[in-house]
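*Asks:* Numbering (numbering that gives the first Met the number 0), first residue to last: 0 to 358.
For each residue, glycine too, the CB sits at the ideal point set by N, CA and C.
Take a look at the following structure, please.
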Amino acid sequence: MAVRLDDLPLRDDLRGLTPYGAPQAALPVALNVNENTHPVPEEVADDILDGIAHALRDVNRYPDREFTALREGFADYLGHGLSRDQIWVANGSNEVLQHLLQAFAGPGRTAFGFAPTYSMYPLLTRATGASYVAGVRESDYTLDADEAARQIEEADPDVVFLCAPNNPTGTPLRLDVIEAIYAASRGMVIVDEAYQEFAPRDERSALTLLPGRERLVVSRTMSKAFAFAGARVGYLAADPAVIDALRLVRLPYHLSALTQAAATAALRHAPAMLSMVDEIVAQRDRISATLSALGYQPHESWTNFVLFGGVDDPAATWQGLYDRGVLIRDVGIAHSLRVTAGTESESTAFLDALASLGR
Ligand code: PMP
């Protein structure tokens, strides 16, 4: 008989949990995990390859444990007067968040997020032995500053996750709400800006709130706008003392020399790597407009995906699209589905397949 999880001396607090499980199916049109579906531009790929080849010559040695060049690169990219001692990098922003939880959550502590939000927050939290509290959003998925602050005061968490703009709803988060939540909290406040590059250009990032707020952290990723999901690179900006705290929990040499070389080279070409953002935003807005015309209810999105309501039977629609070679995401919100904005032809394939299903 096959051994089951329950047969193992597993931690009690992990029993009954289910792992992150977005389906990975090899369909022609994959619009389910909010990747950038445009490949890395050819000329940048060559430079990244050169960087990796160079790093490979020294791969018998451990990498720079402080990933100095890469932190400098991110400080330059983010601007806002940031310096490298305020930057941390890990294998995807998931690991960045894990490091934060290892340092600031853990057994007996609590992390908090406003539901629905990124599904990994509770999983990462519980894996550190902390408990997770889900707060409530307004009916349109926005947050009201006073109400959000009230919920934070009541829950009194050690870590607050603010996904801005929010996954899976696409909802923007105003800076005054972040300020109110920070003022109402005593714990760390993590603003997860994984999708910030898809927000309107003139909107300010939470990076502008960092000065004078030592409990505030802004996390970012190269997985979305940068078209670098497979390389696994996430980063954050915070007070240098926060960076010191993260050094306590990371594994020595957690960022491989090849990852550092690839990311440093990609960052040197940030404008080229980000050149598809406008095109993706145009496809996102076209998807929203067409969904409305088809009678669905797309939610406002500042990201590279659209959550749409008005789906009678999400499981059936999801399957109908799957059978037509289009993979999107059922995020478990009633009568809703989420689709990533792809290339023009991928977005067309999704919209045509959906229209062909009828309502
Ligand atoms: N935060 C949010 C809000 C996300 O949607 C994702 C990816 N789906 C991540 C973090 C993690 O991304 P990565 O680990 O690839 O940086």
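Enumerate in chain order the residues of its own chain whose CB-to-CB distance from Ala205 is below 6 Å, with the five nearest sequence positions on each side excluded.
*Replies:* Result list for Ala205: Ile177, Val190, Val217, in chain order.
*Asks:* Return yes when the C-beta of Val188 is under 7 Å from any heavy atom of the ligand MN, and no when it is not.
*Replies:* This structure lacks the ligand MN; its bound ligands are the ligand PMP.
*Asks:* Is it the case that the CB of Val32 approaches a heavy atom of the ligand PMP more closely than 7 Å?
*Replies:* True, at least one ligand heavy atom lies under 7 Å from that Cβ.
*Asks:* Specify whether the region 35-49 and the region 255-273 touch according to this definition: at least 3 beta carbon pairs, one from each stretch, less than 8 Å apart.
*Replies:* Touching, yes, given that three or more Cβ pairs across the two stretches are closer than 8 Å.
*Asks:* Using DSSP's beta-bridge definition, name the partner residues of Gly134.
*Replies:* Paired residues: Phe113.
*Asks:* Helix or strand or just coil, what does DSSP make of Gly319?
*Replies:* Here Gly319 sits in helix by DSSP.
*Asks:* To which residues of the same chain is Arg203 closer than 7 Å at the C-beta, ignoring the five residues directly before and after it?
*Replies:* So the qualifying residues of the chain are Leu174.
*Asks:* Would you mind stating whether Tyr117 and Ala110 have Cβ atoms separated by less than 8 Å?
*Replies:* Contact: no.
*Asks:* Once you ignore the five residues that flank Gln101 on each side, which residues in its own chain have a CB closer than 6 Å to its CB?
*Replies:* Within the same chain, Gln101 has close Cβ partners Thr127, Val248.
*Asks:* Tell me whether Asp191 counts as near the ligand PMP, meaning its Cβ is closer than 7 Å to at least one heavy atom of that ligand.
*Replies:* Yes - the ligand PMP has a heavy atom lying nearer than 7 Å to the Cβ of Asp191.
*Asks:* What three-state label does DSSP hand Phe160 in the structure shown?
*Replies:* Phe160: strand per DSSP, three-state reduction.
*Asks:* Going by DSSP, what residue range makes up the alpha helix (DSSP H) through Phe304?
*Replies:* Counting along the chain, Phe304 falls outside any alpha helix (DSSP H), though it belongs to the beta strand (DSSP E) covering 304-308.
*Asks:* Since Pro297 sits in a beta bridge, which residues does DSSP pair it with?
*Replies:* Bridge partners of Pro297: Phe307.
*Asks:* Between the C-alpha atoms of Thr207 and His53, what's the straight-line distance to the nearest angstrom?
*Replies:* Going by the C-alpha atoms only, they are around 36 Å apart.
*Asks:* Quick one: what does DSSP say Thr220 is sitting in, helix, strand or coil?
*Replies:* Note: Thr220 maps to strand in three-state DSSP.
*Asks:* Unbroken beta strand (DSSP E) runs of length 3 or more, entirely within the region 171-215: which are they?
*Replies:* Entirely contained in the region 171-215, the beta strand (DSSP E) runs reaching 3 residues are, in chain order, 187-191.
*Asks:* Please tell me whether Arg337 and Pro115 are closer than 8 Å, where the distance is taken between their beta carbons.
*Replies:* No, the Cβ-Cβ distance between Arg337 and Pro115 is not below 8 Å.
*Asks:* Rounded to a whole number of angstroms, what is the C-alpha to C-alpha distance between Ala89 and Arg231?
*Replies:* About 8 Å.
*Asks:* Report yes if the CB atom of Ala74 is closer than 8 Å to the CB atom of Ile86, and no otherwise.
*Replies:* Yes, the pair counts as a contact, with Cβ atoms nearer than the cut-off.
*Asks:* Count the other CB atoms within 10 Å of the CB of Tyr140; is the residue buried (16 or more) or exposed (fewer)?
*Replies:* Classification of Tyr140: buried, given that the 10 Å Cβ count is 16 or more.
*Asks:* Which residue comes first and which comes last in the alpha helix (DSSP H) that contains Gly50?
*Replies:* Start and end: 41-55.
*Asks:* Any heavy atom of the ligand PMP closer than 7 Å to the CB of Gly369?
*Replies:* For residue 369 there is no data in the structure shown, the boundaries of the chain being 0 and 358.
*Asks:* When you compare each of Phe113, Gln97, Thr347, Ala224 to Thr289 by their alpha carbons, which one comes out closest?
*Replies:* Cα-wise, what sits closest to Thr289 is Thr347.
*Asks:* Sorted by chain position, which residues of the same chain lie with C-beta nearer than 8 Å to Ser355's C-beta, five sequence neighbours on each side aside?
*Replies:* Correct list, in chain order: Arg323.
*Asks:* Rounded to a whole number of angstroms, what is the C-alpha to C-alpha distance between Phe197 and Asp5?
*Replies:* Taking the straight line from one Cα to the other gives about 43 Å.
*Asks:* Roughly how many angstroms lie between the CA atoms of Arg185 and Asp243, to the nearest whole one?
*Replies:* Each residue's alpha carbon lies about 19 Å from the other.
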